[in-house]
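S.K.: Okay, here's the structure, questions in a sec.
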Ligand SMILES: Cc1cc2nc3c(=O)[nH]c(=O)nc-3n(C[C@H](O)[C@H](O)[C@H](O)COP(=O)(O)OP(=O)(O)OC[C@H]3O[C@@H](n4cnc5c(N)ncnc54)[C@H](O)[C@@H]3O)c2cc1C
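In my numbering, the protein residues as written are 14 to 360.
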């Protein structure tokens with residue numbers, strides 16, 4: 014079977030990897046000059062559950078839990094090529110009672126979480142100038158490097174043909190038409206082009222949700238952990254490199270310089286150290302109307318499949334596997350899991 018995958022972000026890479034592992038001939042069409050040209054290049058890379066809390070949708074939490082388990086397959090397949098930049102996440106909220114609620118909730122779900130008092134936090138993160146009274150420690154959460162992960166997954170997929178600077182502008186049954194007029198043919202086409210999916214399937218309930226990634230430098234004396242406090246979401250990488258995730262400012266792009274200044278000030282305060290931040294980068298996350306992945310065949314479009322989801326880095330290995338099973342018609346697995354391909358597509 015010959016399958017065309019549109020988009021070489023983390024989701025497209027995963028779909029291609031799973032299809033290729035199953036023996037399909039796969040061609041990936043990517044509009045950018047190299048893989049991970051979309052929001053995957055702006056992702057923070059947190060693969061874990063520490064960012065979730067009692068306020069989250071239980072079904073989505075279960076989906077993420079399931080997907081995180083499937084990263085183990087990639088870690089086994091890629092070995093040291095799985096780009097891991099840190100282990101463990103330390104999470105706290107402004108009010109210690111809220112942090113306690115997060116800890117209690119995770120314990121109730123059966124997740125591994127430890128409650129650390131101020132002394133234990135200070136021992137773990139000596140750079141923190143004002144360690145919180147209470148923090149939740151998730152030892153199993155990891156920080157990955159999403160663009161490197163997408164590239165590693167693609168490179169590990171046997172026989173996948175990757176065509177960059179190949180923007181798909183229209184679809185016909187079994188055909189992806191490129192901007193330069195080339196017609197690429199296959200038995201099936203999988204749309205894994207993230208927030209740009211509505212360019213090819215207008216009317217789909219997928220929006221572009223901006224968020225901000227800021228890279229910088231600071232000597233934090235940490236060791237690659239994720240630190241998520243009330244004023245920042247941060248990971249330190251080898252050397253002095255740091256990566257920050259921020260909400261998109263309500264004022265829009267015009268608010269980005271002030272956002273970066275406020276982030277640098279918050280970090281200088283928390284770590285009593287000099288912080289230099291590069292220009293903020295905005296990524297458009299593909300967010301579906303109800304937050305659930307869009308996965309599976311598109312009604313009334315023979316041979317056309319969708320694989321669009323957020324948070325894509327966490328979900329990719331699981332959804333890539335499900336998407337590949339749907340394309341290959343291995344539907345005997347359908348119904349076994351709660352998250353088997355959802356046919357919730359409006360066209
Ligand atoms: C600041 C920030 C932090 C984040 N942190 C996390 C996190 O910690 N964990 C997590 O799981 N997620 C996180 N995310 C979300 C994550 O980045 C996305 O959910 C995920 O990257 C989506 O991957 P994708 O492959 O669907 O999309 P993309 O990475 O956008 O890939 C789509 C690809 O399709 C290509 N393309 C588009 N249109 C066409 C076309 N017509 N023809 C050919 N190619 C096309 C694009 O160039 C792109 O390479 C974060 C996002 C942001 C912005």
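Just so it is clear, CB atoms sit at the ideal spot from N, CA and C, and this is done for glycine as well.
May I ask which residues mark the beginning and end of the beta strand (DSSP E) holding residue 211?
M.R.: By one-based count along the chain shown, residue 211 stands at place 198. Careful: residue 211 lies outside any beta strand (DSSP E), inside the alpha helix (DSSP H) at 210-213.
S.K.: Going by DSSP in three states, residue 176 sits in which element: helix, strand or coil?
M.R.: Numbered from its first residue, the chain shown carries residue 176 at position 163. In the structure shown, residue 176 sits in a strand (DSSP, three-state: E or B).
S.K.: For ligand 1, any of its heavy atoms closer than 7 Å to the Cβ of residue 23?
M.R.: Here residue 23 refers to the residue found at position 10 when the chain shown is read from its first residue. Within the cutoff, so yes.
S.K.: How long is the line joining the alpha carbons of residue 40 and residue 322, rounded to whole angstroms?
M.R.: For the purposes of this step, residue 40 is taken as residue 27 along the chain shown, with counting starting at 1. For the purposes of this step, residue 322 is taken as residue 309 along the chain shown, with counting starting at 1. Near 21 Å, if we compare the C-alpha coordinates of residue 322 and residue 40.
S.K.: Between which two residues does the alpha helix (DSSP H) containing residue 153 stretch?
M.R.: Walking along the chain shown from the start, residue 153 turns up at place 140. Element bounds for residue 153: not the alpha helix (DSSP H) but the beta strand (DSSP E), 147-157.
S.K.: Could you work out which residue in 205, 21, 206, 103 is closest to residue 141 when comparing CA atoms only?
M.R.: Against the chain shown, residue 141 aligns to sequence position 128. Comparing Cα positions, the closest option is 103.
S.K.: Name, in chain order, the residues that DSSP records as bridge partners for residue 298.
M.R.: To locate residue 298, count along the chain shown from 1; it is residue 285. Residue 298 pairs with 222.
S.K.: Which of the three DSSP states is assigned to residue 61 in this structure?
M.R.: Taking the first residue of the chain shown as position 1, residue 61 is located at position 48. Here residue 61 sits in coil by DSSP.
S.K.: Check whether the Cβ of residue 324 sits closer than 7 Å to any heavy atom of ligand 1, and report yes or no.
M.R.: Start at 1 with the first residue of the chain shown, and residue 324 comes out as number 311. Yes, the beta carbon of residue 324 sits closer than 7 Å to at least one heavy atom of ligand 1.
S.K.: Considering only residues of the same chain and omitting the five flanking positions on each side of residue 15, which have a CB-CB separation below 6 Å?
M.R.: The sequence position of residue 15 within the chain shown is 2, counting from 1. If we look at residue 15 and ignore the five residues flanking it on each side, its Cβ neighbours are 38, 199, 200.
S.K.: Taking 8 Å as the cut-off, does the region 203-223 touch the region 291-305 (at least 3 CB pairs, one atom from each stretch)?
M.R.: Segments in contact, yes.
S.K.: DSSP three-state label for residue 97, please.
M.R.: In the chain shown, the residue the question calls residue 97 occupies position 84. Strand at residue 97.
S.K.: What do you get for residue 157, buried or exposed, if any count of 16 or more other CB atoms within 10 angstroms of its CB means buried?
M.R.: The residue you call residue 157 lines up with position 144 of the chain shown. Buried.
S.K.: Taking 7 Å as the line, does the beta carbon of residue 212 fall inside it for any heavy atom of ligand 1?
M.R.: Here residue 212 corresponds to residue number 199 of the chain shown, with the count starting at 1. Result yes, Cβ under 7 Å from ligand 1.
S.K.: Locate the beta strand (DSSP E) running through residue 318, then write down its first and last residues.
M.R.: Residue numbering aside, residue 318 sits at position 305 when the chain shown is read from its first letter. Taken as a continuous stretch (DSSP letters only), the beta strand (DSSP E) holding residue 318 covers 317-321.
S.K.: I believe residue 139 touches residue 49 by the beta-carbon criterion, under 8 Å. Please report the beta-carbon distance rounded to the nearest angstrom.
M.R.: For this step, residue 139 is matched to residue 126 along the chain shown. For this step, residue 49 is matched to residue 36 along the chain shown. Residue 139 to residue 49, Cβ: 34 Å. No contact.
S.K.: What three-state label does DSSP hand residue 123 in the structure shown?
M.R.: In the chain shown, residue 123 corresponds to position 110, counting from 1. Correct three-state label for residue 123: coil.
S.K.: Roughly how far, in whole angstroms, is the beta-carbon of residue 42 from the beta-carbon of residue 197, given that I think they are within contact range, below 8 Å?
M.R.: Residue mapping note: residue 42 aligns to position 29 of the chain shown, counting from 1. Residue mapping note: residue 197 aligns to position 184 of the chain shown, counting from 1. The pair is a contact, with the Cβ atoms about 6 Å apart (cut-off 8 Å).
S.K.: Among the residues of its own chain, which have a CB less than 7 Å from the CB of residue 230, if the five just before and after it don't count?
M.R.: As a first step, residue 230 is located in the chain shown; it is residue number 217 there, counting from the start. Around residue 230: 253, 254, 255, 289.
S.K.: What's the gap between the Cα of residue 360 and the Cα of residue 129?
M.R.: The residue given as residue 360 occupies position 347 in the chain shown. The residue given as residue 129 occupies position 116 in the chain shown. Per-residue confidence for residue 360 stands at a pLDDT of 31, beneath the threshold of 50, marking its modelled position as unreliable; the derived number appears in the next sentence. Distance between the alpha carbons of residue 360 and residue 129 is about 49 Å.
S.K.: Where does residue 182 land, buried or exposed, given buried means 16+ other C-beta within 10 angstroms?
M.R.: By one-based count along the chain shown, residue 182 stands at place 169. Counting Cβ neighbours within 10 Å, residue 182 comes out exposed, since fewer than 16 surround it.
S.K.: What's the call for residue 195, buried or exposed, on a 16-neighbour Cβ count within 10 Å?
M.R.: Stepping through the chain shown from its first residue, residue 195 is reached at position 182. Burial call: exposed.
S.K.: Could you pull the start and end residues of the beta strand (DSSP E) that residue 248 belongs to?
M.R.: Numbered from 1 along the chain shown, position 235 holds the residue referred to as residue 248. Per DSSP, residue 248 belongs to the beta strand (DSSP E) from 246-249.
S.K.: Tell me whether residue 193 is buried or exposed, calling it buried when 16 or more other Cβ atoms sit within 10 Å of its Cβ.
M.R.: Position 180 of the chain shown holds residue 193. Label assigned to residue 193: exposed.
S.K.: In the DSSP assignment, find the unbroken alpha helix (DSSP H) run with residue 333 in it and report its ends.
M.R.: Taking the chain shown and counting its residues from 1, the one referred to as residue 333 is at position 320. Per DSSP, residue 333 belongs to the alpha helix (DSSP H) from 325-340.
S.K.: Could you spell out the range, first to last residue, of the beta strand (DSSP E) harbouring residue 367?
M.R.: Absent from the model: residue 367. The displayed extent of the chain is 14 to 360, so no value can be given.
S.K.: For residue 282 and residue 257, I'd like the C-alpha separation in whole angstroms.
M.R.: For the purposes of this step, residue 282 is identified with residue 269 of the chain shown, where counting begins at 1. For the purposes of this step, residue 257 is identified with residue 244 of the chain shown, where counting begins at 1. When rounded, the distance between both Cα atoms is 15 Å.
S.K.: Which of helix, strand or coil does DSSP assign to residue 92?
M.R.: Along the chain shown, one-based indexing puts residue 92 at 79. Here residue 92 sits in helix by DSSP.
S.K.: Just the Cα atoms here: how many angstroms apart are residue 341 and residue 334?
M.R.: Working through the chain shown from its first residue, we reach residue 341 at position 328. Working through the chain shown from its first residue, we reach residue 334 at position 321. About 11 Å.
S.K.: Between residue 272 and residue 293, how many whole angstroms is the CB-CB distance? I'm expecting something under 8 Å.
M.R.: Locating residue 272 in the chain shown gives position 259, where the first residue counts as 1. Locating residue 293 in the chain shown gives position 280, where the first residue counts as 1. Going by Cβ atoms, the distance from residue 272 to residue 293 rounds to 6 Å, so yes, they are a contact pair.
S.K.: Could you give the distance in angstroms between the alpha-carbon of residue 241 and the alpha-carbon of residue 165?
M.R.: Here residue 241 refers to the residue found at position 228 when the chain shown is read from its first residue. Here residue 165 refers to the residue found at position 152 when the chain shown is read from its first residue. One C-alpha to the other measures close to 27 Å.
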